[in-house]
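Numbered by the numbering used here, the letters in the sequence shown go through residues 779 to 1009 in order.
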Amino acid sequence: MRVLLVDDHFLFRGGLKSLLYSIDKYSEILEVDCGKDAIAFVDNDDNIDVVLLDYDLGDISGLDVLNHIKENNPEIPVIMLSAHETPSLIQDLLTKGASGFITKTSSPDVMLSAVNLVLSGGMYVPPAMLAPQEPTSKNYNSTPYIINEYNQKAYSNSTIESRIEIDHQLTDRQVGVLRELSGGLSNKEIARVLDISPSTVKVHVAAILKELGAKNRTVAVTMAKDMGLFN
């Protein structure tokens, strides 16, 4: 597991690193202390599994960093970190593409559960966010941020189309990239297997996520398997 940790507080990064190592002692934890360095890092490294991003950075807003990552590397899940638990802020960040929001006052167990959930393709929001915004109707499509666990039948607000329809929307090359993603390969590894450039793989992955309405590659692979694209 390769994690990019973006926070301008050294002690907080140290504590969070120890927690992450408890998930996987072989994890590679990469650290930067400002938004500009985070953007530069992500732009030059396509093998990041998850980004833990502080909202209150010293140089630029965490929201600006999130927007940049989602625009250029939409397949990378981003978990926002903040000392503030404002419902409107949480909703905005999740709407902009964040896969989770963890308050810095959360217990270690909560932080670990949130990271594990996002790595498995889910979305995490603080429990306090759920109660006041719980929908009164059964139309959950208008409030995707309510979902705090991975639901194979929800797929981030997308309508699941038939295999025939999806086959026509995805090119043969994109299906091939999806198949390699299902094996857990990185963009560079897929590029070597398919004999194309890593930047081309990156473009295909972004197109696949957009076509399937998936927030990250894990969800895209699960959807593809459920629709029988690999059969």
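Backbone N, C-alpha and C fix where the C-beta goes; we use that ideal spot for every residue, glycine too.
Output the boundary residues of the alpha helix (DSSP H) element that contains residue i.
i: residue 974; result: Element bounds for residue 974: n/a, residue is neither H nor E.
i: residue 956; result: 950-959
i: residue 998; result: 995-1004
Quick one: measure Cβ to Cβ for residue i and residue j, integer angstroms, because I've assumed they're closer than 8 Å.
i: residue 820; j: residue 847; result: 6 Å
i: residue 899; j: residue 996; result: 4 Å
i: residue 808; j: residue 780; result: 7 Å
i: residue 1005; j: residue 992; result: Not confirmed; about 12 Å, so no contact.
i: residue 868; j: residue 904; result: 7 Å
i: residue 823; j: residue 980; result: Actually they are not in contact, since the Cβ atoms of residue 823 and residue 980 sit about 11 Å apart, beyond 8 Å.
i: residue 816; j: residue 831; result: 7 Å
Based on Cα-Cα distance, which residue from the options lies nearest to residue i?
i: residue 849; options: 806, 875 and 782; result: 875
i: residue 818; options: 784, 1008 and 902; result: 784
i: residue 852; options: 795, 994, 970 and 977; result: 994
i: residue 767; options: 828, 859 and 854; result: Nothing about residue 767 can be read from this structure; the chain reaches only from 779 to 1009.
i: residue 872; options: 861, 978, 901 and 895; result: 901
i: residue 833; options: 881, 998 and 976; result: 881
i: residue 826; options: 805, 789, 811 and 1003; result: 805
i: residue 988; options: 883, 886 and 947; result: 947
i: residue 961; options: 978, 974 and 1008; result: 1008
i: residue 884; options: 896, 861, 897 and 815; result: 861
i: residue 1010; options: 789, 896, 810 and 863; result: In this structure the chain extends from 779 to 1009, so residue 1010 is not present and cannot be described.
Under DSSP, the beta strand (DSSP E) around residue i begins and ends at which residues?
i: residue 790; result: Per DSSP, residue 790 belongs to no beta strand (DSSP E); it is in the alpha helix (DSSP H), 788-801.
i: residue 783; result: 780-784
Report whether the distance from the Cβ of residue i to the nearest heavy atom of the ligand NAP is below 7 Å.
i: residue 961; result: Annotation note on the ligand NAP: not contained in the displayed structure, which lists no ligands.
Cβ pair count under 8 Å reaching 3, the stretch 980-992 against the stretch 885-895: Taking one beta carbon from each stretch, the stretch 980-992 and the stretch 885-895 have fewer than 3 pairs nearer than 8 Å; the two do not touch.
The stretch 823-842 / the stretch 951-959 touching (three or more Cβ pairs under 8 Å): no
In chain order, each beta strand (DSSP E) run of at least 3 residues that lies wholly inside the stretch 804-848: The stretch 804-848 contains these whole beta strand (DSSP E) runs: 806-810 and 828-832.
Whole alpha helix (DSSP H) elements within the stretch 854-903, 4-residue minimum: 865-873 and 886-897
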